[in-house]
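Colleague:
Numbering (full-length UniProt numbering), first residue to last: 1 to 138.
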């Protein structure tokens, strides 16, 4: 008089054991990667103003042959990964959040390495060593 659930207990425990082992291995691998990459979690620090991000999207959309990812990265002083993130993102943050992002980006960049529009708004930052005073200036 064995019921339908009598044989299910041990087999379920045996099939879930490899899953637990797999999850531990994946967690260990991710932890190792985090240590190797610096342990930072989440998105990287924003170094571009909102206007610079819009300019980057515009250049890529209107002149894709002249502005490949690597040239955009070099021109805006960020990594190609940051350029990919900017081009992929399409959200429009609330005005307060956009203002905080711009303030952080402006405070992170020295004034000598910024390119500004005629109205004084920041377009983008130059890569380290481009412009400004210092031994690495080109």
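Built from N, CA and C at the ideal position, the CB exists for glycine as well.
Buried or exposed for residue 38, going by 16 or more other Cβ atoms inside 10 Å?
Modeller: One-based indexing of the chain shown puts residue 38 at position 38. Residue 38 comes out exposed.
Colleague: Residue 105: which of 35, 25, 48 sits nearest, CA to CA?
Modeller: The residue given as residue 105 occupies position 105 in the chain shown. Taking only the C-alpha atoms, the option nearest residue 105 is 48.
Colleague: Residue 102 and residue 50 - do their beta-carbons sit closer together than 7 Å?
Modeller: By 1-based counting over the chain shown, the position of residue 50 is 50. By 1-based counting over the chain shown, the position of residue 102 is 102. A contact, by the Cβ cut-off of 7 Å.
Colleague: For the alpha helix (DSSP H) containing residue 69, list its first residue and its last residue.
Modeller: The count along the chain shown starts at 1 and reaches residue 69 at position 69. That run of the alpha helix (DSSP H) goes 69-76.
Colleague: May I ask you to report which of helix, strand or coil DSSP gives residue 80?
Modeller: Taking the chain shown and counting its residues from 1, one reaches residue 80 at position 80. Three-state result, residue 80: helix.
Colleague: To the nearest angstrom, report how far apart residue 24 and residue 81 are at their CA atoms.
Modeller: Indexing the chain shown from 1 puts residue 24 at position 24. Indexing the chain shown from 1 puts residue 81 at position 81. Approximately 29 Å between the Cα atoms of the pair.
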